[in-house]
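Just so you know, the sequences run in chain order A, B, C and D. Per our numbering, the first sequence starts with residue 16, numbered consecutively. Per our numbering, the second sequence starts with residue -14, numbered consecutively. Per our numbering, the third sequence starts with residue 205, numbered consecutively. Per our numbering, the fourth sequence starts with residue 45, numbered consecutively. Glycine included, C-beta positions come from ideal geometry on N, C-alpha and C. Worksheet: the structure to be examined is printed underneath.
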Amino acid sequence: MSKSRALYAATGVALLSSLAVACGSGGGGSGKAGAKAFDPKDYQGGTLTVLNHRDQGHFDPARQYTSGGGKIPTLVFRTLTTRDHTTGGPAGAKPVPDLATDTGTPSDGAKTWTYHLKPGLKYEDGTPIKAQDVKYGIERSFAPELPGGAPYLRDWLIGGESYQGPYQGKELDSIQVPDDRTIVFHLRKPEGDFPYLATATQFAPVPRAKDTGVNYEKHPISSGPYKVVSNDQGKTIVLDRNPYWSKRVDDQRLAGPDKIVVQSGLDQSVINQRLAASTGADSRAITTDTDIDASVLAKLNGPQGLAKRVATGYFGETWYLAFNTKVKPFDNQKVREAISYAVDRQSVINAIGGTAVAKPATTFLPDQKAFGYTPYDYFPGGTAGDPAKAKQALAEAGYPNGITITLDHTTTAGTGSGPEAATAVQEALKKAGITVRLHASEENDYAEKTQKPATEPGLFLQSWGADWPSGGPFLAPVFDGRQILKDGGNFNASQLNDPKVNAEIDAINQITDPAAAAARWGKLDADLGKRALTVPLYHPIYKRLFGKDVTNTYVSQWNGLYDLSRISVK
Amino acid sequence: MLRFLLRRSVSTLLVLLVLSAVVFLLFYATPGDPAILACGKGCDGERLAVVRHKLGTDLPLWQQYWHFLQGLVAGRDYDAGTDVTHCAAPCFGYSFQTDQPVLGMITSRLPVDVSLTLGAMVIWLVVGVGTGVLSALRRGGITERLLTGLTLAGMSTPVFLIGLLLMMLCCSWLGWLPFPQYVPFGDDPAAWASNLVLPWLSLALITAAAYARMTRSSMLETLAEDHIRTGRAYGLSERRVVTGHALRGALTPVITLLAIDVGGMLGGATLTESVFGFDGLGRLLVDSVNHIDLPVVVGVTLFAAFFIVLANAVADVLYAVADPRVALA
Amino acid sequence: MTERLLVDVRDLRVSFPVGIGTAGTGTVTAVDGLSFGLRAGESLALVGESGSGKSTAAFALLGMHRGTGAEVSGTVRVAGTDLATATDAELRRLRGNRIAMVFQDPLSALDPYWSVGAQIAEVHRVHTGASRRASRARAVEVLDRVGIPDAARRAGAHPHEFSGGMRQRALIAMALACEPEVLVADEPTTALDVTVQAQILDLLHDLRQQTGMALLLVTHDLGVVAGATDRVMVMQDGRAVEHGSVQSVLRAPERPYTRALIEAVPRLEARRSAPPVSEEVLLRVEDLHRHFPAPRAAASAAASLSGPGQAPGSGEPSGEAEETGAPAGRPAAPSGGLGRLLGRRPRHRAVDGVTLEVRRGETLGIVGESGSGKTTLGRMMVRLTEPTSGRILLDGRDIAAAGERELRPVRRDLQMVFQDPVSSLNPRRSIGDSIAEPLLAGGTGGAAARSEVQGLLERVGLPAAWYDRYPHEFSGGQRQRVGIARALAVRPRLIVCDEPVSALDVSTQAQVVQLLGELQQEFGLALVFIAHDLAVVRQVSDRVAVMRRGRVVEQGDADTVYDSPQHPYTRRLLAAVPVLDPDEAAVRRRARAALRALDRSEGGEEAQAVA
Amino acid sequence: MSETATVSRPAAEATEPRRRGQVWRRLRRNRAALAALGVIALLVLFALAAPLLAGLEGQDPTTFHNDLVDSATGGVPFGSFGGAGAHHWLGVEPGNGRDVFARLAYGARVSLAVAVGATVVQIALGTLIGLAAGLGNRLADTVLSRAMDLVIAFPELVFAIALMAIVPDGFPRPVLLALVIGVLGWGSPARVVRAQVLSLRGLDYVSAARLGGSGRWRIARREILPGLAGPVITFALLRLPVNVASEAGLSFLGVGVRPPTPSWGQMLSTATTWYEVDPAYVLLPAGLLFVTVLAFTVFGDGLRTALDPRAASRLRVGTRRRAKD
């Protein structure tokens, strides 16, 4: 389950993860050539600075949302599996073993998963990592005191829905540890995607003796190449080498820089200015969360050679107009179709930064193979919208003289759910005789409101990103009628509850072959598309600047972030 | 003096008390439930209740307020479920968002505002008072007109505007200075200063205009006073009259204004911080308002108000020190 | 070298540009062809009403007009230096060194931020180049010379810690610091009480005798002249109209203007010639008290600019402030209202147990120096100020504690004429409206009120057609007439006149006093006439009460009080009153010296109230 | 902070005779103030005639022109100076191609209306509360004075942000802005009014009215209120530019008016990302904002000088007279 980046950005919950089709940037002899042509030994040392807009948030493995991917957590928390860091290509979307010897052995029709730990793993204090610690780490994430993690563990593990964490003295029996290096998970139903889930930080080991509850994040015990030296409330985090980590026990991470300093809370334009200027320490800086803005785009091909310092990536994410079919007139498919025809995707894309950072979307699934992308465009409006067809549909719907509707959006500027995008939609619909009133909310308020069926508006801007590169987590939360959550946290905005759709989702979940599953997901998406339950607007393109002395940069397409574990600074 | 301090302390406390109550009330009305935000996705009723209880938002408003006051005076214990944390007085509580102690969040950002304020202060004092004195002495001349025009222009420029333009000019077009980022003084004093030049300038130029104006009118007023005439009538040189007699009287109101301005800025220079992307108290406040992070909002507001009220008291003391006619009672 | 003129002024002309902001739209000639000379040891008084150019002329002696935009022509030579051609440096060497000036308002003339001694020492140092220590010693020396007790300690005090008289002494000490040849005193006693005025004038006289310096005294008060200078020059509209020895000018004035001036000076001997009045008591105050919180001086730029602690509407505290050391005129702003909860400040007893009565149709004069509580008493009589305790009986009914509603019926009986002709009229209402206000408030119709007011205007000597004019179009005397008309509008039985003429020129004073007398006869009014000027009070009063520090020290029939004063304070007051006869003035000066010697032997110079 | 300190000096010279004609004559001699008045008139005209002017240009403030911006570079307008030309006099907005001239004109309406509204609220509240404090009994005065101190001690911007955030979106934003800025800013006008009332209340002509039997409200209405006009008008005029800047600041921070309603502050806020590639888009609203604030400041200043010419006449030596002279 995952959702709008913008919405969660503010809550400080770390972002999703997803597919990878790593496309190298052009930077300093790295990029396309991938890891092979690059000798990290030449680039050991130095300090890497990360300039970020959003806070790192809770630096507790139990409280991170899924893996945090290539961001900071993967440098400190090793998990049972991880995404493939070693390659930048589409193969990067594959889960690979990390702490475990393999990506897991399914049994009982994918309802039981068994893992064995590699030998010789140690924490930053030299004590050995045990399977019990992995179990304890997962148990912690059930504690209500440590909220923030993804709900998959609660939904999948037997007894997970009622387990309240280890602090009340209870263990979760569906995780068994027969010996120090073996861990077995018992699931309620078959989950072929379990190896993907095992990349989440909840699967990082936590030594029970060092657990300080809510204060653990001040000094989490590292199992990765770096340890936390200081953590100023997620604003500034300083990482130093973990002396008990070596490449011998980790084939995924290169850990080039000696030291990594993360500065958060910076203004996005400031980040871009600094990276463009790339002077002093900023020449060894990157950002993991700020896309280039107009000022950079416009001088990309200028004399500064900025074009060489941009890393581009595609993250599985879709921004769309969400309909609540329980609210008139959006219960009328013809109205939804009219809006689909009328939308001007070019305007929306311009509103968030132009063709360099987004491409128009007509399908709900991202246009990447791993998701099972199946092209379709049932209500073609071109890039500028088709007001005539829209008017026609509207007339068919019984509104020959136009209609007035309300569009909800957030107050956060520059995002796909922000006022600019909303205004772009408003303008386009105006041409089709649809008068749009805008209703803005502060983004936390917006999240709360749109995620509760009782308060959900009829039409609003929304996005969905993948927790891992597979069609399941992309479609199920949005279209599975059993996932309509009354108390909040609902992402099935259309409130579709079609037994046939539900059954199809269950059926695909049993497939353990990713390719076969992807084809079925694509088919399901294409079927759903005919119902005009959403108006897909665009898929984002991630373009990020990095300092001139940074090498081996590429944007992970699992989550659209730089992979810090392979980066080097001159 | 002692009585003044006592009286001032009590009234300061009262002001802060009312202020905190107003802030509590105000944010109680804010839409959005901090518990849902803190709890994350897929948070069901039971877990939500636990989080609410942990945050204390399940209690009625007055109880929340009472606990807050208790924490301030005597410290309070936080039961985080996993363990009990004692937050020693003065306890502003823990952030809903990050679970960090509010006091720590505030003190960690304070250096930014202190750096901003003090550096800017030096500039605006020199520029402002200098301009004011000069235009008072050159009264009626072309210099004065020019200075008055500049002063009015300075006063008319919103701080974010001048910051923006300065950055555009110095960093982007001319490339004279790096794009400002805050470097702690302890890390690298030179970098600290060079990064702060533009924020200082934009804060200072605007404030300097107000000071120039004030100094000028206060200087003119003092120059028109009878004792200045006395000085002239007794053969004191113009320089002596100005520096020895007029300036002192003219600067007394400036000193009090200075205390108040500095007090206000220490509590957060929101717009300046915003323009330059500095992470000071102002931004902390704006962020926490956006995130309905009540403990942080209350904490920063009280801190800011405390500076202002304190500055008022300091202004009074300075006034009394500067002006022998004034006694503190 | 007595032949040489120390000060030689020939055909002096001073004119000021008029118009604000841009260059002059015209000029006003303040001094027009003035000539006079002054030798060592000589003394000359420049006398004239306000606007006669006397101060302007005095300032010209120090070259003070240089750089102000004023045009100065003619020659002014001081101690051999031609001020027109002197360089700035020469001018500076002259000022304070060879010619020194004493100003009208000693509080504002001293720098409030510096100690008195330091200011005097600075002047000495600038001119002599003496060491800091030597200048300091000189400052103490001259302070002692002008009669500041404990001068060595007092030199370290700031001006606000001095009483008015002591400040003027300090200023004179500053003038003496470099032993100048010429002393210019510009209205040196105008801001002072009569007893202090006498001391200062005596001091100037003594100093001139001892040092042999020349004295130029600028004053509006002919009475002051008699005892202070040898020669007098009367000025009118920038010109000298009469010039001669004090004896000849005062005894046999040649010009009608001079004569008018002299006649207008109230004389202590002038008695009231009015028919005896009834014994029936109209208003009686018994053991009346009014206490104010002592002025608080914590100023705060941030806090409210005018604290509620200042009793608004009481004229007295500002006068009082001067005596107790708080700077009058500066906003003394208390901060933190909570402070009031934390203990009471000491109380100042403005009126401290006064008992007296006003009879039907009579004039009761109340005299006293500033801070004596006379204004507060007057305001309590008409219930503008609430008494702290005591009784006010109007026709036997106590109105001391009456609320505004209960007071309404008696408001019409008790009216007041105020001192300041500027602030007593609303600048935004026509004078007719201001006079008609009580009628309109009382329910009289607009047309009826208008004709009634027009009648009143004519009665006080103003054209009825001026109904619609605004106060700024009137002179001080005319405004005071308007104020009287307003008081009369409701046909009161008692009018309290609080210093009704003290802000007016002498010639106008007499007219207003006369008008009041006429109206009293015509309307059968009882008047309470409050003034610091003993002569004026005697002129108008049937009975007199003398106030000092909130108490009535002596009261009785006017002639009795004036002719055979019982209380020593009354005696001292009377002795201090200046007289027009130079010989008489000399006699009185000796009498005062004797009285002072007596006081000193009794310990402490009482009149010099020290903070 | 500083603006409160510089304007809160009470006009104690209320007793000085002052005629409208005189003030106007003084004002007329102040060329800068006259020029400022002219600029203000132009600005008001610009705002009032926004639909007309936009119509004249053939544009409106909301229509997108995707063809006029280069999407590949994030939406930089084609052409120089932000795409200015015959059809779009001042160019188009980057990103969406809306007409800058039309938006500036419509934005002027918002900026001026909000500033004027806020000033009216501030002055109305301030006058009411200041009057009540100045004329009320001791308790009322103490309570209200403390309230003034409190309001002035409020970190204003913060409260504005908070208030703007908690009011639901249905409420018209410009009205809300004016109310919020107004409600947070009554402290200093109240102080000025109270001080003025206290000084007026102590004047003899008020005492005379009391003696004449006028009731409290009659006195307040007929004797006190007219005396407040001068200082209050001056205060309002000097406050206006501050409020223009406040509106711009709040919109700059993103809590002001909502798109598509144009506002200068909001345009500036968007412009921050464009200043390197489309400086015109920064300079136009910035210049307009600057000129507006400057014009109001200069005019307010001129009016204050015209109302209080003492400072000008005071310097002359020897002509200053005391009441007793």
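Just checking, does the stretch 61 to 72 of chain A make contact with the stretch 274 to 283 of chain A on the three C-beta pairs under 8 Å criterion?
yes
Would you identify the three-state DSSP class for S279 of chain A, choosing helix, strand or coil?
By 1-based counting over the first sequence, the position of residue 279 of chain A is 264. Looking at S279 of chain A - three-state DSSP - the assignment turns out to be coil, as it is neither helix nor strand.
Write down the C-beta distance between H771 of chain C and V757 of chain C rounded to the nearest angstrom, noting that I regard them as a contact closer than 8 Å.
Taking the third sequence and counting its residues from 1, the one referred to as residue 771 of chain C is at position 567. Taking the third sequence and counting its residues from 1, the one referred to as residue 757 of chain C is at position 553. Rounded, the Cβ-Cβ distance is 5 Å, consistent with contact.
Please report whether the beta-carbon of D308 of chain A lies at a distance below 8 Å from any beta-carbon of chain D.
Locating residue 308 of chain A in the first sequence gives position 293, where the first residue counts as 1. By this cut-off, D308 of chain A is an interface position.
Answer yes or no: do I277 of chain B and F12 of chain B have a C-beta to C-beta separation smaller than 8 Å?
Within the second sequence, residue 277 of chain B is the residue found at index 292, counting from 1. Within the second sequence, residue 12 of chain B is the residue found at index 27, counting from 1. Contact flag set, yes.
Over what stretch of residues does the beta strand (DSSP E) that includes Y241 of chain A continue unbroken?
Here residue 241 of chain A refers to the residue found at position 226 of the first sequence. Bounds of the beta strand (DSSP E) holding Y241 of chain A are Y241 to D247.
What in chain B is Cβ-close to D816 of chain C, meaning under 7 Å?
The displayed coordinates of chain C run from 205 to 815. Any statement about residue 816 of chain C would go beyond what the structure contains.
Short of 7 Å in beta carbon distance, which residues of its chain neighbour V87 of chain B, apart from the five on each side in sequence? Order them along the chain.
Translated into positions along the second sequence, residue 87 of chain B becomes position 102. Correct list, in chain order: F77, G78, Y79, S80, P280, V281 and G284.
May I ask you to verify whether the stretch 405 to 415 of chain A touches the stretch 424 to 440 of chain A, counting CB pairs closer than 8 Å and requiring at least 3?
no
Which partner residues of G241 of chain C appear in the DSSP bridge assignment?
Here residue 241 of chain C refers to the residue found at position 37 of the third sequence. Answer is C:D212, bridged to G241 of chain C.
Can you tell me which of A:V111, A:L511 and A:F92 puts its alpha carbon nearest to the alpha carbon of P220 of chain A?
Residue numbering aside, residue 220 of chain A sits at position 205 when the first sequence is read from its first letter. Nearest option by C-alpha distance: A:F92.
Would you mind sorting L802 of chain C into buried or exposed? The rule is 16 or more other CB atoms within 10 Å of its CB.
Taking the third sequence and counting its residues from 1, the one referred to as residue 802 of chain C is at position 598. So L802 of chain C ends up on the exposed side.
Where does the unbroken alpha helix (DSSP H) through R254 of chain D begin, and where does it stop?
Your numbering for residue 254 of chain D matches position 210 in the fourth sequence. From DSSP, the alpha helix (DSSP H) with R254 of chain D extends over D248 to L255.
What did DSSP end up calling V337 of chain D once you bin it into helix, strand or coil?
Taking the first residue of the fourth sequence as position 1, residue 337 of chain D is located at position 293. The answer is helix: DSSP assigns V337 of chain D an H, G or I state.
R535 of chain A to Y138 of chain A, Cα distance in whole Å?
Along the first sequence, one-based indexing puts residue 535 of chain A at 520. Along the first sequence, one-based indexing puts residue 138 of chain A at 123. Using only the alpha carbons, I get a separation of about 42 Å.
Can you look up F622 of chain C in the DSSP assignment and give me helix, strand or coil?
Taking the third sequence and counting its residues from 1, the one referred to as residue 622 of chain C is at position 418. Three-state DSSP puts F622 of chain C in coil, outside helix and strand.
At 9 Å on the CB atoms, spell out the chain D contacts of M620 of chain C, in chain order.
Locating residue 620 of chain C in the third sequence gives position 416, counting from the first residue. The contacting residues are D248, S251, A252 and L255.
Under 7 Å between beta-carbons, which chain D residues line up against V694 of chain C? List them in chain order, please.
Numbered from 1 along the third sequence, position 490 holds the residue referred to as residue 694 of chain C. Neighbours of V694 of chain C on chain D, chain order: G256.
What does the alpha-carbon distance come out to for the pair V274 of chain B and T136 of chain B?
Looking up residue 274 of chain B in the second sequence gives position 289. Looking up residue 136 of chain B in the second sequence gives position 151. Their Cα atoms are separated by approximately 34 Å.
Determine the closest residue to L476 of chain A out of A:L552, A:A77, A:T96 and A:A443, with distance taken between C-alpha atoms.
As a working note, residue 476 of chain A is residue 461 in the first sequence. With distances taken between Cα atoms, L476 of chain A lies closest to A:L552.
Bridge partners of W128 of chain A, per DSSP?
Looking up residue 128 of chain A in the first sequence gives position 113. Answer is A:P121 and A:F200, bridged to W128 of chain A.
Taking all protein chains shown into account, do 16 or more other C-beta atoms lie within 10 angstroms of the C-beta of G163 of chain A, making it buried, or fewer, making it exposed?
To locate residue 163 of chain A, count along the first sequence from 1; it is residue 148. Per the 10 Å Cβ criterion, buried.
Counting only beta-carbon separations shorter than 8 Å, does G362 of chain D have a partner in chain C?
Position 318 of the fourth sequence holds residue 362 of chain D. The predicted model places G362 of chain D with a pLDDT of 27, which falls under 50 and marks its position as unreliable; any figure quoted below should be read in that light. At least one chain C Cβ lies under 8 Å of G362 of chain D.
Does I277 of chain B come out as helix, strand or coil in the three-state DSSP assignment?
Residue numbering aside, residue 277 of chain B sits at position 292 when the second sequence is read from its first letter. Reduced to three states, the DSSP call for I277 of chain B is coil.
I'd like to know if H331 of chain C contacts chain B, where contact means its C-beta is closer than 8 Å to some C-beta of that chain.
By 1-based counting over the third sequence, the position of residue 331 of chain C is 127. H331 of chain C counts as touching chain B.
Using Cβ-Cβ distances below 9 Å, what residues of the stretch 311 to 336 of chain D are close to chain A?
S313, T314, T316, T317, W318, Y319, E320, V321 and D322
Determine whether the beta carbon atoms of P402 of chain A and K446 of chain A lie at a separation below 8 Å.
Residue numbering aside, residue 402 of chain A sits at position 387 when the first sequence is read from its first letter. Residue numbering aside, residue 446 of chain A sits at position 431 when the first sequence is read from its first letter. Their beta carbons are under 8 Å apart, which means P402 of chain A touches K446 of chain A by this criterion.
Going by DSSP, what residue range makes up the alpha helix (DSSP H) through S100 of chain B?
By 1-based counting over the second sequence, the position of residue 100 of chain B is 115. Unbroken alpha helix (DSSP H) run through S100 of chain B: V87 to W109.
Does DSSP put V342 of chain A in a helix, in a strand, or in coil?
In the first sequence, counting from the first residue as 1, residue 342 of chain A sits at position 327. In the structure shown, V342 of chain A sits in coil (DSSP, three-state: anything other than H, G, I, E or B).
To the nearest angstrom, report how far apart E590 of chain C and L183 of chain D are at their CA atoms.
Residue mapping note: residue 590 of chain C aligns to position 386 of the third sequence, counting from 1. Residue mapping note: residue 183 of chain D aligns to position 139 of the fourth sequence, counting from 1. Cα-Cα distance, rounded: 17 Å.
Would DSSP call G44 of chain A helix, strand or coil?
On the first sequence, residue 44 of chain A is found 29 positions in, with the first residue counted as 1. Legend: pLDDT at G44 of chain A = 35, less than 50; position of this residue unreliable, no value from coordinates given.
Are there three or more Cβ pairs, one per stretch, closer than 8 Å when the stretch 787 to 797 of chain C is compared with the stretch 597 to 612 of chain C?
Proximity of the stretch 787 to 797 of chain C to the stretch 597 to 612 of chain C falls short of the contact definition, fewer than three beta-carbon pairs being nearer than 8 Å.
Just to confirm the assignment: which complete alpha helix (DSSP H) runs, minimum length 4, are found wholly within the stretch 428 to 461 of chain A?
434 to 446
Less than 8 Å between CB atoms is the rule here; does A234 of chain D satisfy it with respect to chain B?
As a position in the fourth sequence, residue 234 of chain D is number 190, starting the count at 1. Not one chain B Cβ lies under 8 Å of A234 of chain D.
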